[in-house]
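Trainee: By UniProt numbering, the letter at position 135 of the sequence shown is numbered 135, and the numbering carries on one by one without gaps. A single structure is presented below for examination.
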Amino acid sequence: MSELRGKLTHKKLAEHPDSPVTFEFEPCHCFKWSITANPVPGHCYELCLNAECDVTDAPENSKDHLEGKYHIRLTDEKTHKTLLYYSEKLASGSTTVTREVPKNVLENENTKIVLIVEVERALGLDEEQGEPHVKLDIGGTKFVTTPTTICKYFSRLKRDFKFYREPDHIWKSILKSDDFKTNFRVRNRLKDELYYDRDSKYFRYILNFLRDGEDITLPKNREKIEEILKEAKFWMLKELEDLCQRKLEISSDFELLNI
Numbered sequence: 001m002s003e004l005r006g007k008l009t010h011k012k013l014a015e016h017p018d019s020p021v022t023f024e025f026e027p028c029h030c031f032k033w034s035i036t037a038n039p040v041p042g043h044c045y046e047l048c049l050n051a052e053c054d055v056t057d058a059p060e061n062s063k064d065h066l067e068g069k070y071h072i073r074l075t076d077e078k079t080h081k082t083l084l085y086y087s088e089k090l091a092s093g094s095t096t097v098t099r100e101v102p103k104n105v106l107e108n109e110n111t112k113i114v115l116i117v118e119v120e121r122a123l124g125l126d127e128e129q130g131e132p133h134v135k136l137d138i139g140g141t142k143f144v145t146t147p148t149t150i151c152k153y154f155s156r157l158k159r160d161f162k163f164y165r166e167p168d169h170i171w172k173s174i175l176k177s178d179d180f181k182t183n184f185r186v187r188n189r190l191k192d193e194l195y196y197d198r199d200s201k202y203f204r205y206i207l208n209f210l211r212d213g214e215d216i217t218l219p220k221n222r223e224k225i226e227e228i229l230k231e232a233k234f235w236m237l238k239e240l241e242d243l244c245q246r247k248l249e250i251s252s253d254f255e256l257l258n259i
């Protein structure tokens, strides 16, 4: 469950009377979140929850995959009382929450809108699967990398990094230039590494490809390339899959020439 930083509604609505106004929240769980208030007849606002995939290079068929629950609270910042409360299933895109929020509630200078999201699945990832724990722990072998490297290509690592990472305003405050650290929220507990129950033998090729792209040097041994291909498929690193396939095709052509 992630409670996103609340937004006061009065000032923004006063700046744009009788026009739709959008309140943006920090990204988390691979999605950008916002709530739009649209004026409707009857001195009310319609509230729409917007969820937009934040991983632009994710496969198109997974970008709309979002399951879980949202909670929206309108509270009085002075008294901390809940004025209105809405809760329903999450969906990607824009979802109409209600068409009956009285204007005098949203336009009150003390009203704050709070969004809480309970994401169970996103981009095909089930939060109950695996045991993401930063640094990377691959079957007991430790690796250390950077957000830039992890996010260079779409992969299982990039997906998990963005899904479990705490919002930017939290983890950036503990990032040091000479000591990479970040926090991940897993089952409501903070962890400082991502863990995978996976043989680490060929994982260095995964990291090297993320760092260097197609400039990496692959083994000449066909069997080793086939093993790296299996790893590339597991880590959902399509660019490395394609590179391995090309190397294997060249190897096959060379073998035929020497028959």
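The beta-carbon is built from N, C-alpha and C at its ideal position, and this holds for glycine as well.
1. Please go through the stretch 112-166 and give each complete alpha helix (DSSP H) segment of 4 or more residues, from N-terminal end onward.
2. Going along the chain, which residues of its own chain have a beta-carbon closer than 7 Å to the beta-carbon of His16, five neighbours each way excluded?
3. Does the stretch 33-40 come into contact with the stretch 55-63, if we say contact requires no fewer than three beta-carbon pairs (one atom in each stretch) closer than 8 Å?
4. Which residue's Cα is closest to the Cα of Val117: Gly213, Leu4, Pro147?
5. Using CA atoms only, rank isn't needed, just tell me which of His43, Leu237, Phe25 is closest to Arg159.
6. Just curious, the alpha helix (DSSP H) that Asn50 is in, first and last residue?
7. In terms of alpha-carbon separation, which member of Glu223, Thr9, His43 lies closest to Asp76?
8. Would you call the stretch 103-115 and the stretch 133-145 in contact, with 3 or more CB pairs under 8 Å?
9. Given a cut-off of 8 Å, decide if Val105 and Leu47 are closer than it, judged by their beta-carbon atoms.
10. Suppose the cutoff is 6 Å on Cβ atoms and the five residues either side in sequence are ignored; what does the same chain contact list for Trp235 look like?
11. When you compare each of Pro41, Ala232, Glu249 to Leu241 by their alpha carbons, which one comes out closest?
12. Quick one: Cα of Thr149 to Cα of Thr95, how far?
13. Do you know whose CA, among Gly124, Thr217, Leu248, His71, lies nearest Glu223's CA?
14. Buried or exposed: which applies to Ile228, given that a residue is buried once 16 or more other Cβ atoms fall within 10 Å of its Cβ?
15. With which residues is Glu24 paired in a DSSP beta bridge?
16. By a C-beta neighbour count over all protein chains shown, 10 Å radius and 16 as the cutoff for buried, is Tyr202 buried or exposed?
17. For the candidate residues Arg121, Leu83, Arg99, whose alpha-carbon lies nearest to that of Asn108?
18. Hey, out of Thr56, Ser19, Leu125, Arg204, whose CA is closest to Leu66's CA?
19. What did DSSP end up calling Asn258 once you bin it into helix, strand or coil?
20. For a test of the three-state rule: what should DSSP assign to His169, helix, strand or coil?
21. Select from Gly93, Tyr86, Cys244, Ser251 the residue whose C-alpha is nearest the C-alpha of Glu100.
22. Identify which residue in Asp215, Cys28, Lys230 has its Cα closest to the Cα of Arg121.
23. Measure the Cβ-Cβ separation of Glu88 and Tyr70 and say whether it is below 8 Å.
24. Restricting to runs no shorter than 3 residues, where is the beta strand (DSSP E) found entirely within the stretch 73-101?
25. Would Ile225 be called buried (16 or more neighbouring beta carbons within 10 Å of its own) or exposed?
26. Can you tell me the Cα-Cα spacing of Cys244 and Arg198, whole angstroms?
Mentor: Put simply:
1. 147-150, 156-164
2. none
3. no
4. Leu4
5. Leu237
6. Not the alpha helix (DSSP H): Asn50 falls in the beta strand (DSSP E), residues 44-53.
7. Thr9
8. no
9. no
10. Ser155, Arg156, Ile206
11. According to the sequence displayed, residue 241 carries Glu and not Leu. The candidate whose alpha carbon is nearest that of Glu241 is Ala232.
12. 34 Å
13. Leu248
14. buried
15. Ser34
16. buried
17. Leu83
18. Leu125
19. Bear in mind that a pLDDT of 42 at Asn258, under 50, signals an unreliable position, so the model cannot answer this.
20. Caution is warranted here: a pLDDT of 47 is assigned to His169, below 50, making its placement in the model unreliable, and no coordinate value can be reported.
21. Tyr86
22. Cys28
23. yes
24. 82-89
25. buried
26. 20 Å
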